[in-house]
Amino acid sequence: MSTPAPPPRHLPPSDPATPTGLLAGRQAARIRAIVSADLLPEERASADALVMTAWLTAAQRARYAQSLRAGHHPEEFAQRLADERRVVLEEGADPVADEAASAADAERRARQVPLRAAETGLLLVALGCLVATVVLGLRGEGSAIADRVPEQAPWLLAVMLSAVLVAAVLGRIATRRRDRALLDWAVSRPGQLGRGLPLRRPLQGESAGPVIVAALGPALLVGAGVLAIVAGAAILLITLMMGDESGMGPYAPWVLGGGAAALVAAVLAVYLRSRRQLRMVRRARAAEWIGPTPHVEAPPAV
Numbered sequence: 001m002s003t004p005a006p007p008p009r010h011l012p013p014s015d016p017a018t019p020t021g022l023l024a025g026r027q028a029a030r031i032r033a034i035v036s037a038d039l040l041p042e043e044r045a046s047a048d049a050l051v052m053t054a055w056l057t058a059a060q061r062a063r064y065a066q067s068l069r070a071g072h073h074p075e076e077f078a079q080r081l082a083d084e085r086r087v088v089l090e091e092g093a094d095p096v097a098d099e100a101a102s103a104a105d106a107e108r109r110a111r112q113v114p115l116r117a118a119e120t121g122l123l124l125v126a127l128g129c130l131v132a133t134v135v136l137g138l139r140g141e142g143s144a145i146a147d148r149v150p151e152q153a154p155w156l157l158a159v160m161l162s163a164v165l166v167a168a169v170l171g172r173i174a175t176r177r178r179d180r181a182l183l184d185w186a187v188s189r190p191g192q193l194g195r196g197l198p199l200r201r202p203l204q205g206e207s208a209g210p211v212i213v214a215a216l217g218p219a220l221l222v223g224a225g226v227l228a229i230v231a232g233a234a235i236l237l238i239t240l241m242m243g244d245e246s247g248m249g250p251y252a253p254w255v256l257g258g259g260a261a262a263l264v265a266a267v268l269a270v271y272l273r274s275r276r277q278l279r280m281v282r283r284a285r286a287a288e289w290i291g292p293t294p295h296v297e298a299p300p301a302v
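Residue numbers in the sequence shown follow our numbering, run continuously in steps of one, and reach 302 at the last position.
#1: Please confirm whether any heavy atom of the ligand PLP lies closer than 7 Å to the CB of V134.
#2: For G259 versus I212, is the C-beta distance shorter than 8 Å?
#3: Given a threshold of 16 other Cβ atoms within 10 Å of its Cβ, counted over all protein chains shown, does V267 qualify as buried or as exposed?
#4: I'd like to check one pair, L182 with A104: are the Cβ atoms closer than 8 Å?
#5: Tell me which same chain residues have a C-beta within less than 7 Å of the C-beta of A262, skipping the five on either side of it?
#6: So is W185 buried or exposed if we call it buried at 16+ other beta carbons inside 10 Å?
#7: Does DSSP put A93 in a helix, a strand or coil?
#8: Whole angstroms is fine: what's the gap from A265's alpha carbon to E151's?
#9: Between the alpha carbons of E43 and L50, how many angstroms are there, rounded?
#10: Once the 5 residues before and after A196 are set aside, which same chain residues still bring their CB inside 7 Å of it?
#11: Which residues in the same chain as R201 place their Cβ atom closer than 8 Å to its Cβ, once the five residues preceding and following it in sequence are excluded?
#12: Residue range of the alpha helix (DSSP H) that W185 falls in?
#13: Where does the unbroken alpha helix (DSSP H) through Q60 begin, and where does it stop?
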């Protein structure tokens, strides 16, 4: 009696009961299919090489092509990189003494601390504006809700939205600069792209600013669009029934059009976010680190 050999280390488990997580629908199914795909080493290597070739800049490809002995064409670079990745997937990676220490040092140098500090400060400013708006509203006099809205509310909300948007832009820039610095580190080491990047924090890590905008942006656009459509329809109905005494009739089509545009923008934002999630999943898989294969002794046969 002998113990069956374990499955290949580079292949993910093919468990049909994949957890659903927080995502749902067709897009979530596509993401889960990419993560749990049971690909052969040749297929996995080709897919990873194509994604990594498209992710790298021309200068980074030219720098790493020297170790691959590839030409200047992206197709040849992808083919050579696929061969390098396939060897690692099939045979395992040879241990490199300074790999973990060098990767940790590269991560420390790519932290983007000034941009992260500016992003955090802007988010604190936005939080302060929100708290100030709520406090001023609670201190307001009057029984109606409209009477409790402070006079400074429009300015505070404008500052809050501006701070959140700028924080999201800074967070996205910091993430891209970190990823670019770590990819520069990888292309400077022969064979590193085939092995993957042994990072403690993965690439494309989102910070608070982009996450807040990606989560609340479509919801705010939908809310604004619905309110604008309702207001435009009400203005148009009042104008048709009572005449244009207030002079608001000509603005009704513009309000309706603005509401429809906000709804279209919300749908477009959700679509672009789903496309970005797919790209992030493929890139994370292409940059996955394949460490040295541990030596497993065969158990004695009974």
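The C-beta atom is built at its ideal place from N, Cα and C for all residues, glycine as well.
Checking against the coordinates, here is how it stands:
#1: Inclusion of the ligand PLP in the displayed structure is not the case, the ligand content being empty and no account of it being possible.
#2: no
#3: exposed
#4: no
#5: L221, A224, G225, A228
#6: buried
#7: strand
#8: 30 Å
#9: 11 Å
#10: The sequence as given places Gly at residue 196; Ala does not occur at that position. Closer than 7 Å at Cβ, skipping near neighbours: A287, E288, W289, I290.
#11: E107
#12: 153-187
#13: 58-68
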